[in-house]
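Numbering (our numbering) for the sequence shown: 401 to 623.
Even glycine gets a Cβ: it sits at the ideal position worked out from N, Cα and C.
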Amino acid sequence: MDMSTIPAARTVPLAARYGGRTVLAIGAHPDDLELAIGGMLARLSRANARVVMAVISIPNDYATRFAEAQRAAAILGGELRILAGERCCRIDDIKNYQLVGMLDQLVLELEPAAVLTHSAHEFHRDHVAVHNACFATQRLKPFDFFHFNPTMVRPVPISFHPRVYVDVSDTMDAKMQAIEAHASQFGSRGLDSEMYRDLARLNGRMVGVKYAEGLDVARMLLG
Ligand SMILES: [Zn+2]
């Protein structure tokens, strides 16, 4: 018997909860969603969920990074939206009320069954700003609300404790391809994205599957 993992539990499949419904993922920059929840998003789109990948802004090199984000979204089966529009823009340049307004509008339009975004435990201030703006949208609709693992291109030690795990064994390759689509952030800079495979393997061991992504749950209705 393999003692390195616990046996996987029987559980309700992701498709039963979100199949045919809309899931809204919100990331500060292109590549954040792929790094944190690419495997989950691919699973959801394969389960016929409508997956909206909302990116707040592209901070530099718009054409390249937009093309990369489009390629990654296509790999995962998501619908890409750049909320700050077709121009380079930093999150610091967006006023807080405008950020909250953008996200409110999105939640009202899409009526998502689930919203996923950055957690409060992030070292990147842009990510925390997006978390705070997203947090406020909970007042509008009764969606499940999850926070994902801190995202970074170079490893930084920061504590995050998953409370929910998503089995991404079948979509790990799609996740890695979607990450690699962001060549300007990884391949072109000589950085490798294997850290994210390592993390998924470690999370998988916690729940007895090959690969998993970890989430924190902020609100969820068990009906
Ligand atoms: Zn980011």
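Burial is judged here by how many other beta carbons sit within 10 angstroms of a residue's own beta carbon; residue 561 has fewer than 16 and is exposed. Buried is the label assigned to residue 517, since at least 16 other Cβ atoms lie within 10 Å of its Cβ. Under the DSSP assignment, residue 613 falls in the beta strand (DSSP E) whose first and last residues are 612 to 619.
Taken in chain order, the complete beta strand (DSSP E) segments of 3 residues or longer contained in the region 428 to 472 are 450 to 455. Listed in chain order, the non-local C-beta contacts of residue 443 below 6 Å within the same chain comprise 414, 571, local neighbours out to five positions each way being set aside. In chain order, 512, 513, 514, 515 place their CB closer than 7 Å to the CB of residue 543, counting only its own chain and leaving out the 5 sequence neighbours on each side. In the displayed model, residue 509 falls within a helix according to three-state DSSP. The three-state secondary structure of residue 414, taken from DSSP, is helix.
Residue state for residue 579 is assigned as helix, using DSSP reduced to three classes. Residue environment for residue 495: exposed (fewer than 16 other C-beta atoms within 10 angstroms of its C-beta).
Between ligand 1 and the CB of residue 521, the shortest heavy atom gap is not smaller than 7 Å. Cα atoms of residue 479 and residue 453: separation of roughly 6 Å, rounded to the nearest angstrom. Distance check between residue 467 and each of 523, 600, 430, 477 places 430 closest, using alpha-carbon atoms only. The beta strand (DSSP E) runs lying completely inside the region 552 to 598 and spanning 3 residues or more are 564 to 567, given in chain order. Within 7 Å of the C-beta of residue 551 there is at least one heavy atom belonging to ligand 1.
Taking C-beta atoms under 8 Å as the contact rule, residue 600 and residue 472 fail to qualify, at a distance of about 17 Å. Relative to the Cα of residue 476, the nearest Cα in the group 575, 598, 612 belongs to 575.
By the CB criterion at 8 Å, residue 613 and residue 556 fall outside the cutoff.
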